[in-house]
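Letter by letter, the sequence shown follows residues -18 to 62 of this note's numbering. Glycine included, every Cβ here is placed at the ideal spot set by N, Cα and C. Note that the structure is predicted; figures quoted are calculated from it, not measured. What follows is a short report on a single structure.
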Amino acid sequence: MKRLLILTALLLIPTSAHAITWAEFFDAIKEHKYDHLFPVHATNKTVTCIQIVSWEEYVEGSGHYRGYVREQQTKRHIPCP
């Protein structure tokens, strides 16, 4: 039983990890490595931009009811810059 506990403890101890250098780190995140995700000359590429327009409207109250502010939003498709 004692040997089983020691063996389990040894298996759970993490092994030493290999450290990477800053050059390896920055090489992994360079732009040219991700060019395949957004092809420049794609024929079926569609780009849409959305503008969110929001406004507030005050609804006037009366002698029996308080006034309140109504908030509204709409989404519009606009040409991308």
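Secondary structure of Lys11 (DSSP, three-state): coil. Contact annotation: Gln32 and Arg57 have beta-carbon atoms nearer than 7 Å.
Contact between Gln54 and Val34 holds: their C-beta atoms lie close to 7 Å from each other, under 8 Å. Spanning the alpha carbons of Tyr46 and Cys30 requires a straight line of approximately 41 Å.
Taken through DSSP and simplified to helix, strand or coil, Glu52 comes out as strand.
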